[in-house]
Structures are given as C-alpha cells and as structure tokens.
Amino acid sequence: MKNRYILSTLILVLSFTFSFAQDDGISSSTEKKYDKLSYVKTTKALLKLVEKGNKTPEVYKKLANSYYYNSKMEDAAKWYGELFMLNAVIEYEYYYRYAMSLKAIGDYEGANTKMKEFASLKPDDSRAILFLKSPNYLEAIEAMSADFELENLDFNSRFSDFGTSFFKDGIVFASSRGDGKLYKWNEQPFLDLYFKSNDSTTVKDFSNTINTKFHESSTSFTQDGKTIYFTRNNYFKGKVRKSDEKVNGLKIFKAELVNGSWTNIVSMPFNSNEYNVAHPALSLDETKLYFASDMPGTHGKSDIYYVDILEDGAYGEPVNLGSTINTEGRENFPYMSNNGTLYFSSDGHQGLGGLDVFMIKLHDPSHSVTNLGKPINSSRDDFEFIIDEFSNEGYLTSNRYNGKGDDDIYKFTRTFCTQFVYGTTVNKLTNVIIPYASVVVINEKGVEVQNLTSDQNGAFSYEGPCNKQKYSIIASKDGYIQSEQTFVVKPRKKEDIVLKLNLTPATQQPAEVGMDLVEVLNLNPIYFDFDKSNIRPDAEIELKKVIDYMTKYPSVRIDVQSHTDSRASDDYNWALSNRRNVSTKQYIIQKGGIAADRLEGKGYGETMLVNRCSNDVKCTEEEHDLNRRSNFIIINN
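For reference, each letter of the sequence shown is one residue, going 1 to 637 in the numbering used here.
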C-alpha cells in the first residue's frame, strides 16, 4: 500500500473488525501479520495457501483486502472476483470494495452492477443513495470535465510523493524516499516532509525537528509562513502513544518558526489516542482549521471537520461539515482556496474510481458537491488538490497509470473559463419570489449535472465550464407547474447568465377540453431527429411533464398528434409520423405507468406544417426541426 494511502485509509482499516474464524487454514503468524497491517507479507503467505488449494472465503477476503489497502487494484479486483464466485455469504462492504476495484481498472459496467447489489443490501447507505440518484454519473462527470494541463514533475521518485502545500517560494510535500526503517504495511520507508523551491531542482529535508522516525505528512501554513500544522503518527516528545486497541494512530501538530528553526511543537487539543485526526487545512482568514477524522459522530470511514481558531489562540470544538459533504465512505484531504472554495477527496460521492477530487462553495448554500471531472480525476486515486485561484495554477497527487512512482505530484494549469448562471424562482402570476424551489440543470444529452435548491430569497446559482453546450434548467415545487428555460454556454465567455424561472400555480381542475398541453404546461414541443422516431433526451424531459399532469388528473385523456417535416414522400412521412406517434404513447405508458386507454392519436405526416417549409421550399435544418413534433390535445378532463 502506498504511504499516502496509509493516511487516507488508515482510518478505514483501524475501524475494521479483525474477527475472522481461526479454522480457515490461515496460520496464527499470518493472522498477526494481517492484524499488524503487514500487507506485503500477508499477500505472500496467503498466495501460498491458495496454491495449496486453500480457497476459503476468509483467505480470499484477507488476500483481496491486503491488495486493496495497498492500492494494488488489479489484484484486488481479481481476488474479490474469486471471493464472489464462491457464492458465500459476504458482508455488504465487500460489494463496495469490489466495485471500487473494478472502477480503478476501468470496468465501469461491472462496478455499476456491484453497486446496484450493494444498494439493494444497504439502501440507506449514503453511497448507495448517491449512486441511485445519479445513474448517469459518468456522463455528468464528463460534462464537468474541463481544460487542465497536467505535468508530472521531475522530482518525483519511484516511491510515494504526495501532499503538497504552498510555502514561501515553493512547496512542501511528503515522501517515502528516505533511507529510514521500513513500514511493515508496504515495506517502504516512513514518510518525511521535504521542500522544493520554484527556482531549484533540488529537494531538501524540510526540518529535522519536525521529521521523525514515524510518518509526517499533510501540512498547512499561515500566510506569514511562521506557523505550520502537520500530520504525524501519535508520537510526541520521544514517546509513542497508542489507543486502547494498541493502535498508533494519527494526530495534527502545530509548530512555530523561531530564528529559522521549527520549534514549540504542540499537539492539537482536539486530538485523541482513540481516533485519528489528519490533513489540516487553514481557511484564508486563518480563523478556521479544517481536517479529516474518524472521531465519534463521523458519518463514514472518515469525515471532514473544522474547529474555530479563537482570538486568544485557543481552539473551538470540532464541527462536522454534515451529510452534504460527508458520506459513509472516506472524505479527506480538505483544502480551502483563496476564493472560499472547499476542495476535498472522496470515494463516497460518485467518481471515476478510488478517491476523486470534489469542490463546494461553503459560503453559498445553493451550491452542491461537484466532481471536478477529467483530467483532474482518473480511475485511480486523485487527492491533495491545491490551487491558487488567481493564477489558476496548483498541484495534484495521483497514482494514475504511467506515473513515475507509487504516487506522483502533478503540477497543473487551469485554462478553462467558468460560466456563472444566476437566477430566481418567481410566481408567474404575482411576481412574488418562491423560496426553496428545486432547480435542476440538464445538459444537451439529457444528463443531470447539478441539483440545486433556491434559497429563502428564491435565488440560485450554477457554475460550470465554458464548454459550448446547450443546457436546460428546470424549476419545480409542489403546487406549481414546473418552469424550464434553456441557455447556451459559449467558450471563453465572461458575461454571467441571469435567468428568471416563472412557476405557475397549479390549478385544482384540469385544463379545458381542446387545449394543447404544450400551452397548458408551457412545454417545448416533442421534437424528433430527421428520419427518426426514437425519443430524444430533450423530449424525455417534456414527456415527464405530460406524465406528471396525467398522474395528477387521472380522468384526463389525451389525443397525441405526431407530425413530420416535408422531406421524403407523403406516404413515407405518413408512416414515419405514425411510428413517432407509437413511440410517444409507448413512452408515456411504459415510463409513466399511464393506462393505454387514456391515450389516443395518430400520425399526420406532413399535412400540418407550422411554417412555410412545404415540398421543394428551401429551409434551414432548424426550420424543418419545428415540424418534426408531437402535440397533446385534451379530449376528456
């Protein structure tokens, strides 16, 4: 396992109960190696057992876990696969680990299958809820992907290099490149802190007073560079301290720079021998310190917390950032940028595999957690993201394929622009604001990319990349007919987009016979691609509104009228419009559960054009598009 992964996964491992049966053929010495986290030696011993024919569930579990905790995902996926082929009773967490292992090797179809099984076993698990809520998460992540230029830095070693912090004219990072004693977990040297200036190729030991024979990592500095917060094993003043379970965990320490030397090292008052505290990150104004921990009250394997730094230098009580950010997985490596954005890594939110980097604007309650997309994220672990929002430069750590070592530090430059969309949700009839309405942003492929809630003033905001896409934004609230608008994001466009989403109060009675639901529900017509009868993603959005209306008013019957443009022969267009009519009605019946006898209708071919584009008239594609449609006429209310 990689040393940085120790710091992000140690919390997971320490909370795992080592309570396997002892009649599985595993020797007591191998059990001890496993319990002491000596995973390299454990895998060697267990592979010999498998070669001798010992293929019990417990052997496969320990073998797969040992590879998983060492981030050897190809091997982990193999042995989790062997475990599941035994058809044994398997704890639900193994479904999740197997899914994460499959993601890491790019098998998203297999990973999604295992996640569905995981969700059926643990429907209340936040990771299951997030997965089921975003079945098209891969497309959503693709939509959020933007232009970053990544550079694998020359100073990376064949060991683990990770966890950068801005410091003076360079960076401080952690590495296992030293020549100290080996850590049993992965048989690499313990981590120390190093410094590299921007103007030098030389890497230097950061401090001989901070670096010890145990792990040091994950730093954060005050802006004057005179105070450091850092992560270290529970080792202080020459003494190793362990929990009641005899485990040496992680703590955050603080030191001060005095006359060129780091001194006055103290342990943070919110540390404990009984749980882990790691990955410090100061807010820009230095009044809050963010960190990761598995302390009591944590939602999952590790959560992100903060403490207030008081004027007298004391610290407040730890505050959990809540279930919007924290899941039942791992949230760690927080970083507060200089525009108030919290970046962090998680394997609980929907990602590409392993740890992905996410962001959220803590000062804006209408914002939600957003995956940074590619190329920042990959199928492997991506973490310790730091950025200067003004220069659009920063650093990222990843163990993605084709790196130089276990974990590598990448420098990046963000080259894309950000499009801001602001708006309000308003009562269309009274122009009074509607607070706490649901606002959903959908891309041109019909994939939901953001789910927001307008605030008490009816305001909402969306931030996305300038990716030349057309988006739909839909507002809804109980008692109102939902409202939809579209907007187009242009490349490198700087102007903000301001929208007003007008919600019409729903009537208690259905609309009159003869009215078209296109007008009643403010629908966009159901358009079809040229010579096609399949339902397009944008049409699905509109048909869901029809379904909702018919569900609300069970006595309503609809005449579905489908049309084509004038191209092709009259007979062909008549047949095509009827295929479109069948597709439209089948969608409403199958997707919405609407009874078939509530729908009538047929195709009208090109007999009811809405513009001048009849036979032999030269028209644009957009003009022809208007004629390829379906309408919905109320024939009974």
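Where a beta carbon is used, it is the ideal one built from N, C-alpha and C, also for glycine.
Keep in mind that this is a model prediction, so the values were computed, not measured.
| Item | Value |
| --- | --- |
| Beta-ladder partner(s) of D161, from DSSP | S175 |
| Endpoints, beta strand (DSSP E) assigned at V258 | L250 to V258 |
| Buried or exposed by the 16-neighbour rule on C-beta atoms within 10 Å, applied to R628 | buried |
| Extent of the continuous alpha helix (DSSP H) run through R579 | D570 to G592 |
| Cβ shell of T341 (< 6 Å), same chain only, five flanking positions each side left out | M359 and K361 |
| Spatial distance of D478 from V432 (CA atoms) | 16 Å |
| Supposed close pair K48, K41 - CB separation, criterion 8 Å | Wrong, their Cβ atoms sit about 11 Å apart, outside the cutoff. |
| CA-to-CA distance, V50 to A64, given in whole angstroms | 12 Å |
| Those residues which DSSP pairs with P465 across a bridge | T418 |
| Cβ separation of E384 and F344, assumed to be a contact under 8 Å, to the nearest whole Å | Actually they do not touch by this definition, with Cβ atoms about 10 Å apart. |
| Beta-carbon contacts of F236 that lie in its chain and below 6 Å, excluding the five residues immediately before and after | S267 |
| Cβ contact check for the region 580 to 592 and the region 619 to 626: 3 or more pairs under 8 Å | no |
| Sub-8 Å separation of V426 and G464 beta-carbons | no |
| Same chain, Cβ closer than 6 Å to R612, neighbours up to 5 away in sequence not counted | none |
| Exposed unless 16 or more other CB atoms sit within 10 angstroms - verdict on Y94 | buried |
| Sequence-distant residues of its chain with Cβ nearer than 7 Å to S577 (five each side left out) | S562, H563, T564, G603, Y604 and G605 |
| DSSP-derived helix/strand/coil call for S207 | coil |
| Every unbroken alpha helix (DSSP H) inside the region 383 to 458 [4 residues or more] | none |
| Delimiting residues of the alpha helix (DSSP H) encompassing D308 | From DSSP, D308 is part of no alpha helix (DSSP H) but of the beta strand (DSSP E) over D303 to D308. |
| Beta carbon proximity, S614 to chain D, threshold 8 Å | Going by chain labels, chain D is absent from the structure shown, which holds only one protein chain. |
| Euclidean distance between Cα positions of N273 and D308 | 21 Å |
| Bridge-paired residues (DSSP) for L193 | A174 |
| Inter-residue spacing [alpha-carbon to alpha-carbon] between S346 and E600 | 50 Å |
| Whole-angstrom distance between A459 and N631, CA atom to CA atom | 33 Å |
| 8 Å contact criterion, which P505 and V556 should meet: CB distance rounded | Contact flag wrong, Cβ pair sits at about 18 Å. |
| Among N211, S243 and V240, nearest to S254 - alpha-carbon criterion | According to the sequence displayed, residue 254 carries Lys and not Ser. Out of N211, S243 and V240, N211 has the C-alpha closest to the C-alpha of K254. |
| Cβ pair count under 8 Å reaching 3, the region 401 to 417 against the region 108 to 122 | no |
| Supposed contact pair I635 and I558 - C-beta distance, whole angstroms, cut 8 Å | 7 Å |
| Identity of the residue in N326, Q469, A475 and P435 nearest Q456 by Cα | P435 |
| Cβ neighbour criterion (16 or more within 10 Å) applied to Q223 | exposed |
| Nearest-angstrom Cα separation, counted from G225 out to D258 | The question names Asp, yet the displayed sequence has Val at residue 258. Between V258 and G225, the C-alpha separation is close to 11 Å. |
| Close Cβ partners of S614 (< 6 Å) along its chain, the five nearest in sequence each way excluded | S566 |
| Those residues which DSSP pairs with R330 across a bridge | S302 |
| Residue nearest to V89 in terms of C-alpha spacing, selected from F195, E58 and D205 | E58 |
| Identity of the residue in V277, L121 and T370 nearest S145 by Cα | T370 |
| Cβ-Cβ separation, Y290 to G249 (assumed contact under 8 Å), whole Å | Wrong, their Cβ atoms sit about 19 Å apart, outside the cutoff. |
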